[in-house]
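Residue numbers (our numbering): 6 to 301.
From the three backbone atoms N, C-alpha and C, an ideal C-beta is built for every residue, glycine too.
Remember, predicted model here, so these are calculated numbers, not experimental data.
Only one structure is covered here, and it is reproduced in the block below.
Structure below.
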């Protein structure tokens, strides 16, 4: 079993290796994005705009933040990201600002709702990398892709290795508690087994009671929840807002009171749970620690 000391050792060794990595900005690169579009660059992109918080966090994690010339209003981590030029929000960015920044590349988290923004950007001859990580493997691929694009492969390798190491740490759980993941309480929504949110919960030592559902984030009935009676309920929420936390619990108690009262409640910062990026490492650690605390 890996210990946290070993993980720290891996991290230090890889960071030491990163310092010796030579950044070559004039290398020709080609890459296929997550919707199958081939992108080619005569020189590596050195003016990048991020249109999603998880993209921004991934670029910071591999030391490519100096290449960021624009981010969204919601890119708030790390705190220094808030100092970058804002290009508006994710679904309807300020295209005039984006064009004025003359980016070599725009990276966006592609969804069904982001199609119009994607089309407007490409119609203006702006190169767009569509990123769509759906699971932990997809998150690691995203980080690796960004490492390749920015010539920071060793940095990217160190981050993906830390994800793997955190997953392996304490992976041999003697007891896996059944858990209900509360995505929202009105409507009552959870995470299906194919989502990265469910995978993180499972890797932290829990069993998602709705892991057989194929829909990513299905709406369920109170009756379905009451039939399952989970040992744990996991609330990804704004943990700094106690009023909001209590409101969510009380709302769920109205429809599923006995299930709520019999379960242990675990609250986790929603950003580290919902953003498919490098901070899933933190999400894993928090959930594992909460699990240990609840069993003592």
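Range of the contiguous beta strand (DSSP E) that encloses residue i
i           : result
residue 43  : 43–46
residue 242 : 237–242
residue 215 : Neither: residue 215 is in no beta strand (DSSP E) and is coded neither H nor E.
residue 67  : Taken as a continuous stretch (DSSP letters only), residue 67 belongs to no beta strand (DSSP E), as it is neither H nor E.
residue 184 : 182–186
C-beta contact flag for residue i and residue j at 8 angstroms
i           : j           : result
residue 225 : residue 193 : yes
residue 215 : residue 200 : no
residue 288 : residue 237 : no
residue 159 : residue 208 : no
residue 69  : residue 155 : yes
residue 64  : residue 151 : yes
residue 230 : residue 264 : yes
Own chain partners of residue i with C-beta closer than 7 angstroms, once the 5 adjacent residues on each side are dropped
i           : result
residue 62  : 82, 280, 282, 283 and 284
residue 259 : none
residue 43  : 35 and 37
residue 242 : 249, 250, 253, 272 and 275
residue 227 : 193, 260 and 261
residue 286 : 167, 168 and 171
Residue of the options minimising C-alpha distance to residue i
i           : options               : result
residue 128 : 262, 104, 236 and 136 : 104
residue 117 : 137, 130 and 111      : 137
residue 168 : 267, 141, 220 and 158 : 141
residue 60  : 115, 251 and 209      : 115
residue 162 : 261, 259, 180 and 67  : 67
residue 223 : 252, 237, 190 and 243 : 190
residue 122 : 57, 80, 143 and 70    : 57
residue 205 : 263, 290, 180 and 98  : 290
residue 277 : 210, 244, 296 and 152 : 244
residue 131 : 229, 157 and 52       : 52
residue 96  : 182, 221 and 79       : 79
residue 166 : 182, 181, 180 and 146 : 146
residue 180 : 71, 296, 39 and 48    : 296
Chain D contact for residue i (CB, 8 angstroms cutoff)
i           : result
residue 187 : Here chain D cannot be found, since the structure has a single protein chain.
Contacting residues, own chain, Cβ-Cβ under 6 angstroms from residue i (five flanking each side not counted)
i           : result
residue 218 : 197
residue 233 : 214
residue 182 : 211, 236 and 237
residue 50  : 109 and 110
residue 99  : 92 and 93
Bounding residues of the alpha helix (DSSP H) (the contiguous stretch that carries residue i)
i           : result
residue 267 : 247–267
residue 121 : 120–128
residue 203 : 201–208
residue 149 : 141–154
Residues sharing a beta bridge with residue i, DSSP
i           : result
residue 93  : 98
residue 54  : 75 and 111
residue 278 : DSSP, once it has assigned bridges, lists no residue as partnering residue 278.
residue 37  : 43
residue 133 : 111
residue 272 : 240
residue 189 : 194
Chain-order list of residues whose beta-carbon lies under 8 angstroms from that of residue i (same chain, five-residue window excluded)
i           : result
residue 240 : 187, 250, 253, 254, 270, 271, 272 and 273
residue 54  : 73, 74, 75, 76, 92, 103, 106, 108, 110, 111 and 112
residue 294 : none
residue 90  : 74, 75, 76, 102 and 106
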